[in-house]
Amino acid sequence: AGAVGSHVGQIAKILGCRVIGIAGTDEKCEWLVKELGFDYAANYKTTDLAKYLKETAPNGVDCYFDNVGGEISSTVMSQMNVYGRVAVCGAIASYNVTDPEKRKATMLQPFIVGKELKIEGFMVNRYANRTIEGINQNLKWVKQGKLKYKEHVTEGFESTVDAFIGL
1 AGAVGSHVGQ IAKILGCRVI GIAGTDEKCE WLVKELGFDY AANYKTTDLA KYLKETAPNG
61 VDCYFDNVGG EISSTVMSQM NVYGRVAVCG AIASYNVTDP EKRKATMLQP FIVGKELKIE
121 GFMVNRYANR TIEGINQNLK WVKQGKLKYK EHVTEGFEST VDAFIGL
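Sequence positions in the sequence shown follow full-length UniProt numbering and run 1 to 167.
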């Protein structure tokens, strides 16, 4: 869960969902649960994700916000319930991969068809006419202490490149 996933997960919690985050370090998983209020979080680098999802979502997954793609998506979609919904907002697992064999998710089609999943791409600019409404709602949640964020300040012009790379 990066900046977008951690934000989306918090909104899901605010709206009453049970949330399972997926991140690449134990520290990030701890932050998701202890600071942001996620119900669970799995380190995809050290956890058998399929087993973890079966334990934490024994009745399956209804909604999945996919910002990663690749094998993580295949694993989550294998746990989806019939008529589950998937919002695809990114595919970071494939952005810097040059080997075509490593860019794919191996099992999406059978799960999409067999579970009759609804999958929709999501681009924030589609909702540009609601930007002010979204900002106001997010500010309200921040003021209520329901929506949290983490700032990382980088100082000095010479740190500009590192700051952008760190996003």
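All residues carry an ideal CB built from backbone N, CA and C; glycine is no exception.
- Inter-residue distance for residue 44 and residue 64 is about 16 Å (C-alpha atoms, whole angstroms).
- Distances from the alpha-carbon of residue 13 to those of 146, 54 and 121 put 146 closest.
- In the structure shown, the three-state DSSP call for residue 133 is helix.
- Pairing residue 41 with residue 154, the inter-Cα distance amounts to about 28 Å.
- A straight-line Cα-Cα distance of about 51 Å links residue 116 and residue 156.
- Here residue 128 is exposed: its Cβ has fewer than 16 other Cβ atoms, across all protein chains shown, within 10 Å.
- Put simply, the backbone Cα of residue 90 is about 11 Å away from that of residue 124.
- Remark: C-beta atoms of residue 87 and residue 70 do not approach each other more closely than 8 Å.
- DSSP places residue 51 inside the alpha helix (DSSP H), whose first and last residues are 49 to 56.
- A residue is called buried once 16 or more other Cβ atoms fall within 10 Å of its Cβ, and residue 6 is buried on that count.
- Between residue 18 and residue 158, the alpha-carbon positions lie close to 42 Å from each other.
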